[in-house]
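The structure under discussion appears below in the form of structure tokens.
Numbering (our numbering), first residue to last: 471 to 658.
This is the structure in structure tokens:
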């Protein structure tokens with residue numbers, strides 16, 4: 471009986487030393503915070519969790535304190551109106567509408583205080599810190615436009631990017647404890 475307790479104790483200590491103090495906690499924390507973005511970065515690093523966590527940690531360090539600027543009601547309405555127009559334009563000119571939608575999301579992000587779309591990688595990194603569940607839609611839209619995707623793929627990309635657009639035009643207030651924004655007043 472005592473031998474079994476000692477073996478279990480040694481196994482627990484060995485597992486703790488293998489994982490390292492705090493490493494498992496950090497990994498779980500980053501996975502929860504970034505959700506699908508964590509998986510995307512992990513895949514980009516061929517499953518190397520340390521490299522993925524280092525990249526995400528660096529993003530948080532660079533962009534975590536970014537305070538989003540609120541939109542005026544007029545500016546919000548202008549962006550929403552342009553998005554609605556793009557959806558209507560898609561029927562006649564899908565490629566042009568998708569390209570304009572990509573530019574519109576980039577301009578909206580810049581209006582909200584994110585880096586300029588001309589520095590695309592930096593803008594996407596910043597967006598991934600504050601909108602990790604929606605940023606892939608913007609990425610997909612960009613690659614679909616750049617790769618000359620067909621109409622159905624462009625439509626799917628536009629629908630996916632609509633999630634980030636909706637987050638950016640919503641009335642938001644920064645929540646530094648979560649590293650993300652939350653809806654204020656229940657309206658989006």
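Just so it is clear, CB atoms sit at the ideal spot from N, CA and C, and this is done for glycine as well.
In the same chain as residue 501, and ignoring 5 residues on each side of it, the C-beta atoms closer than 7 angstroms to its own belong to 508, in chain order. Note that the C-beta distance between residue 599 and residue 539 is not below 8 angstroms. Here DSSP, grouped into helix, strand and coil, assigns residue 538 to coil. Collapsing the DSSP output to three states places residue 518 in coil. When secondary structure is reduced to three states using DSSP, residue 568 falls in the helix class.
Along the stretch 593 to 623, the alpha helix (DSSP H) occurs as fully enclosed runs of 4 or more residues at 605 to 616, listed in sequence order. By the neighbour-count criterion, in which 16 or more other beta carbons inside 10 Å mark a residue as buried, residue 566 falls on the exposed side.
Only residues of its own chain outside the window of five on either side were considered, and among them 602, 603 and 606 have a CB closer than 8 angstroms to the CB of residue 506, listed in chain order.
Residue range 543 to 559 is occupied by the alpha helix (DSSP H) that includes residue 543. The C-alpha of residue 634 is placed about 22 angstroms away from the C-alpha of residue 499.
Taken atom to atom, the span from the alpha-carbon of residue 543 to that of residue 637 is near 15 angstroms. Counting of Cβ neighbours within 10 angstroms places residue 572 among the buried residues, the total reaching 16 or more. When the beta-carbon positions are compared, residue 576 and residue 557 stay at least 8 angstroms from each other.
Take the alpha-carbon of residue 546 and the one of residue 631: they are about 17 angstroms apart. The three-state secondary structure of residue 632, taken from DSSP, is helix. In terms of CA proximity to residue 536, 595 leads the group 550, 595 and 519.
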